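Peer 1: Read top to bottom, the protein sequences are chains A and B.
Just add 18 to wherever you are in the first sequence, counting from 1, and you've got this note's numbering.
Just add 18 to wherever you are in the second sequence, counting from 1, and you've got this note's numbering.
2 protein chains.
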Amino acid sequence: MKDITSQQAKVLNCIQLYIKKTGFPPTRADICRELGFKSPNSAETHLRALEKKGFISIESGTSRGIAINNPETSEEDLGYPIIGLVAAGSPTLATENIEKNVNCPKGFFGSNFDYFLRVKGLSMKDAGIMEDDLIAVKKTQDVKNGDIVIARIDDEVTVKYFHRHSPSIIHLQPANNDFSDIEVNLEETELYIEGKSIGLIREN
Amino acid sequence: MKDITSQQAKVLNCIQLYIKKTGFPPTRADICRELGFKSPNSAETHLRALEKKGFISIESGTSRGIAINNPETSEEDLGYPIIGLVAAGSPTLATENIEKNVNCPKGFFGSNFDYFLRVKGLSMKDAGIMEDDLIAVKKTQDVKNGDIVIARIDDEVTVKYFHRHSPSIIHLQPANNDFSDIEVNLEETELYIEGKSIGLIREN
DNA sequence: AATTATACTGAATATATATACAGTATAATA
DNA sequence: TATTATACTGTATATATATTCAGTATAATT
């Protein structure tokens, strides 16, 4: 990264202050107003110089498309996404399925996990899993009998106890007498294990 | 701050992710692209709803003029202590009672809380509170009927539903048929409300 | 001596963007 | 029952904004 001139430093500082104050970067005109320039091109040339020297990035054709290149804070925690347990379809990490992100420290639960799943229904009530609870899901196919798994059968996603009765027969057991076991014959029906529960969070 | 709807939460999350990714807030069109909307007015109305509810600020007439109102200035927390629910005695924050500290961000559950209590027994089983669960406890005497409270009667601490039947009669109800109600006559017995449960964490 | 980078003013313009207006539809609430 | 909030599509437009072009001037390199 090349040397910055004093005027360029003023512009860079102005951008940082502006973002801190408003939450979004300044326009060329904003910089002019802050620093007393009379032409937007003054800001423009300074911005291009700062970009060339690596202090900022400029998204072309984009209003306020200025980003400060901070190598230190680049690897920041986005947190874990909360995904709704949709009746049909696979819970994917696509933006449109993410309810919000939870700033949860890594290794909060003993082992690592990938996302939170918001529970619908009471089929696991007796396991202490209630409606709207958040299950910490570890994406894995390595599940043992008795594990609480997130399983998908024909596009329907469900949370149940996992029990392999024979190489091709798997039982998905609810923890609620009002629900019945789901017996899956792997030779007839496709079963996909999305992962297993390694923890739970409830907000009330 | 009013309740956020699930769609509004998605929009808010989308904005946060966009800022994290690019360094500047999205346009209405950007939000549409991320979430699959086909009209910029979809984003607009969600933004106005989020503004009305206080989650964001919008600078009028300003491109990308979206600022998130929760600066989430959470400095790295010292963490919350986990306190064992001892059969007798008050759960105090003294060092000798602290099982360990959990590095949990402030405001992790909607409201603030003071410590985690490790649950013993199954008296609140039907409320989804299982043995060894961690209850997030907010120290307060301001409890309403139906709240899950941490109560102390004669040095014995217990977690139960709170129900005031008359000014001097309080029922502490378990959520398990194997246990019976505790009726407390405040004129005869001293009852101290340590606080109430505002959340729960389970590690398995 | 000829570039090249810095540091500006001033005007012009294509387009990126916010935002209003006109609809449709459903669920919740008074 | 009427009303409000939510959740969208679709079109239109004033303006906010990036960006180019044309200059002027000084200092630092090559």
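Each residue gets a CB set at the ideal place from its N, CA and C atoms; glycine is no exception.
Quick caveat, the model's predicted, so the values are computed rather than measured.
Using three-state DSSP, classify B/E94 as helix, strand or coil.
Peer 2: Against the second sequence, residue 94 of chain B aligns to sequence position 76. Summary for B/E94: the model assigns pLDDT 38, below 50, so the residue's position carries little reliability; its value from the coordinates is reported in the next sentence. The answer is coil: DSSP assigns B/E94 none of H, G, I, E or B.
Peer 1: Please classify A/S24: does DSSP put it in a helix, a strand, or coil?
Peer 2: Along the first sequence, one-based indexing puts residue 24 of chain A at 6. It is helical.
Peer 1: Which residues in the same chain as A/T91 place their Cβ atom closer than 8 Å to its Cβ, once the five residues preceding and following it in sequence are excluded?
Peer 2: On the first sequence, position 73 is the one that residue 91 of chain A refers to. Residue confidence is low: A/T91 scores 43 on pLDDT, short of 50, so the model does not pin down where it sits. Its coordinate-derived value is still stated next. So no residue of the chain qualifies.
Peer 1: Could you tell me which chain B residues have their CB closer than 8 Å to the CB of A/G217, listed as they occur along the chain?
Peer 2: For the purposes of this step, residue 217 of chain A is identified with residue 199 of the first sequence, where counting begins at 1. Result: I219, R220, E221 and N222.
Peer 1: Which word fits B/Y133, buried or exposed, when buried means at least 16 other C-beta atoms lie within 10 angstroms of its C-beta?
Peer 2: Along the second sequence, one-based indexing puts residue 133 of chain B at 115. Counting every other CB atom within 10 Å of its CB across the protein chains shown gives B/Y133 a total of 16 or more, marking it as buried.
Peer 1: Determine the closest residue to B/F126 out of A/E77, A/D48, A/R220 and A/D172, with distance taken between C-alpha atoms.
Peer 2: As a first step, residue 126 of chain B must be located in the second sequence, where it is residue number 108. The residue with the shortest Cα to Cα distance from B/F126 is A/R220.
Peer 1: May I have the straight-line CA-CA distance separating A/L140 from A/E69, to the nearest angstrom?
Peer 2: On the first sequence, position 122 is the one that residue 140 of chain A refers to. On the first sequence, position 51 is the one that residue 69 of chain A refers to. Those two C-alpha atoms are separated by around 55 Å.
Peer 1: Please confirm if B/I168 has its CB atom under 8 Å from at least one CB of chain A.
Peer 2: On the second sequence, residue 168 of chain B is found 150 positions in, with the first residue counted as 1. Not one chain A Cβ lies under 8 Å of B/I168.
Peer 1: Report the rounded CA-to-CA distance for B/E52 versus A/G217, giving the unit in angstroms.
Peer 2: As a position in the second sequence, residue 52 of chain B is number 34, starting the count at 1. As a position in the first sequence, residue 217 of chain A is number 199, starting the count at 1. Computed Cα separation, rounded: 30 Å.
Peer 1: Determine whether the Cβ of A/A193 lies closer than 8 Å to any Cβ atom of chain B.
Peer 2: Within the first sequence, residue 193 of chain A is the residue found at index 175, counting from 1. Output row for A/A193: interface = no.
Peer 1: Check A/L209 in the structure and name its three-state DSSP category.
Peer 2: Start at 1 with the first residue of the first sequence, and residue 209 of chain A comes out as number 191. Strand at A/L209.
Peer 1: What's the gap between the Cα of A/F197 and the Cα of A/L190?
Peer 2: As a working note, residue 197 of chain A is residue 179 in the first sequence. As a working note, residue 190 of chain A is residue 172 in the first sequence. Looking at the two C-alpha atoms, the distance is approximately 11 Å.
Peer 1: Residues of chain B with a CB under 7 Å from the CB of A/N31: which are they?
Peer 2: Position 13 of the first sequence, counting from 1, holds the residue named residue 31 of chain A. Per Cβ cutoff of 7 Å: no residues; A/N31 is ~16 Å from chain B at best.
Peer 1: Spatial neighbours of B/E114 within its chain, please: C-beta separation below 7 Å, excluding the five flanking residues on both sides.
Peer 2: What you label residue 114 of chain B is simply residue 96 of the second sequence in a count that begins at 1. Confidence at B/E114 is low in this model, with a pLDDT of 46, below 50, so its placement is unreliable and the value that follows should be read with caution. Contacts found: none.
Peer 1: Tell me which residue opens and which closes the alpha helix (DSSP H) that A/A47 is part of.
Peer 2: On the first sequence, residue 47 of chain A is found 29 positions in, with the first residue counted as 1. Here the alpha helix (DSSP H) through A/A47 covers R46 to L53.
Peer 1: Smallest Cα separation from B/E11: which of B/G213, B/S186, B/S215 and B/P192?
Peer 2: Since the displayed chain B opens at 19 and closes at 222, residue 11 of chain B lies outside it and no answer follows.
Peer 1: If you draw a straight line from the alpha carbon of B/G213 to that of B/P123, how long is it in whole angstroms?
Peer 2: The count along the second sequence starts at 1 and reaches residue 213 of chain B at position 195. The count along the second sequence starts at 1 and reaches residue 123 of chain B at position 105. Each residue's CA atom was taken as its position, placing B/G213 and B/P123 some 20 Å apart.
Peer 1: In this structure, how does DSSP classify B/P89 when only helix, strand and coil are distinguished?
Peer 2: In the second sequence, the residue the question calls residue 89 of chain B occupies position 71. For B/P89, the predicted structure reports a pLDDT of 48, less than 50, and the residue's modelled location is therefore unreliable. A value from the coordinates is still provided. Note: B/P89 maps to coil in three-state DSSP.
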